[in-house]
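Everything on this sheet refers to the single structure shown next.
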Amino acid sequence: MMEGLGDPSGSLHLIPGTPFDKINAILEGDGVAERFLKVELELNVRLKALSFQEPICYVYNPLEYAWDPHQYYVKRYCQWAKDVLFLGMNPGPFGMAQTGVPFGEVKHVKEWLQVQGQVLKPDLEHPKRPVLGLDCPQSEVSGARFWGFFKSLCGDPDTFFRSCFVHNLCPLVFMTHSGRNLTPGDLPAAQREHLLKLCDDALCQVVEVLGARTVIGVGKFAEQRARRALAAAGMEVSVKGVMHPSPRNPQANKGWDSIMLTQLQELQVLPLLKS
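Here it is, written out as structure tokens:
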């Protein structure tokens, strides 16, 4: 059993508001979803031991306060092995930070993915970046583009998740004193490498649990980290990349949907996404 998860007090501290019997069911389960969640619980324990300095002033972990909808997402859509894992970098402040779902723009999470669950609050909340959960009124462009694309392509979630799953390399959200979002790539080198080594190790475990043959990094950062981590672990997994849908990427604002479609055609993934 994982260190820090063998007693109710440790588990409840790790996942606020989650009864110990639910955590214990995950720890004792042997299905794909339970093994996937177990990797994330182990990562949570290790991340909890990290400390961050300036310019990082606020750190959110939606795998703690938004565990309820997150585990709902995993248990609903990750019950079997997957051919393809789409890999994001880390949660956006109006996406997974609110919903616990990767690229989790609220409308698509509720209406298309039909994920539900209670979202609590992070330990230390920035007044300009409140966690409002599934009631958050602000849309995340990246998530709306990402899930909107697959909604249009696949029609229903089951078609997408038949062979694919979506995960983030790092579950943490970082903010400066002003509330400005920082990505893992923005962090000082020493803090970044320690953090990402833990995330790389967890990624390798996730890929093994899923039996994924292909990892598709959404954006260069996720692609490069996945390639590095899986190669270092000696895992024979194909690593590819697609353009990130972020509005901060000028190219993504020039018809990301059509670019994504072309890239998936080139990667020969489209047949997996058709009903």
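In the working numbering, each residue's number is its place in the sequence shown (first place is 1) plus 27. Backbone N, C-alpha and C define an ideal beta-carbon position, used for all residues, glycine too. From a predicted model like this one, the values you see are computed outputs, not experimental measurements.
Burial state of residue i (16 or more Cβ within 10 Å)
i: Glu55; result: exposed
i: Ala229; result: buried
i: Lys109; result: buried
i: Lys65; result: buried
i: His153; result: buried
i: Ser205; result: exposed
i: Leu159; result: exposed
i: Asp95; result: buried
i: Ala217; result: exposed
Three-state class that DSSP yields for residue i in the structure shown
i: Cys191; result: strand
i: Gly282; result: coil
i: Asn71; result: helix
i: Asn208; result: strand
i: Asp183; result: coil
i: Asn51; result: helix
i: Met287; result: helix
i: Gln98; result: helix
i: Ser273; result: coil
i: Val66; result: helix
i: Lys134; result: helix
i: Leu300; result: helix
i: Val128; result: coil
i: Glu367; result: Outside the shown range of the chain, which is 28 to 302, sits residue 367, and nothing can be said about it.
Strand pairing of residue i, partner residues [DSSP]
i: Thr241; result: Val111, Ser265
i: Tyr85; result: Met202
CB-CB length for residue i against residue j, believed under 8 Å
i: Leu223; j: Pro215; result: Not confirmed; about 12 Å, so no contact.
i: Thr289; j: Ser265; result: No, Thr289 and Ser265 are not in contact; Cβ-Cβ is about 19 Å, not under 8 Å.
i: Ala60; j: Gln106; result: 6 Å
i: Gly244; j: Ala253; result: 5 Å
Any non-hydrogen atom of the ligand GDP within 8 Å of residue i CB
i: Asp183; result: Ligands are entirely absent from the displayed structure, and the ligand GDP is therefore not among its contents.
Chain D contact for residue i (CB, 9 Å cutoff)
i: Val245; result: No chain D is part of this structure, which consists of one protein chain only.
Residue from the options whose Cα sits closest to the Cα of residue i
i: Leu299; options: Pro184, Leu70, Gly160; result: Pro184
i: Phe79; options: Leu209, Glu138, Pro89; result: Leu209
i: Pro198; options: Phe121, Cys226, Phe192; result: Cys226
i: Glu67; options: Tyr85, Leu77, Ile42, Gln251; result: Ile42
i: Val72; options: Pro82, Asn88, Gly58; result: Asn88
i: Lys301; options: Thr186, His271, Ala259, Ala239; result: Thr186
i: Leu70; options: Leu297, Gln232, Phe248, Ala258; result: Gln232
i: Ser169; options: Asp95, Gly144, Gln295, Gln278; result: Gln278
i: Gln141; options: Arg156, Leu147, Leu161, Leu151; result: Leu161
i: Val101; options: Gly144, Met270, Leu77; result: Gly144
i: Arg207; options: Leu90, Lys155, Trp283; result: Lys155
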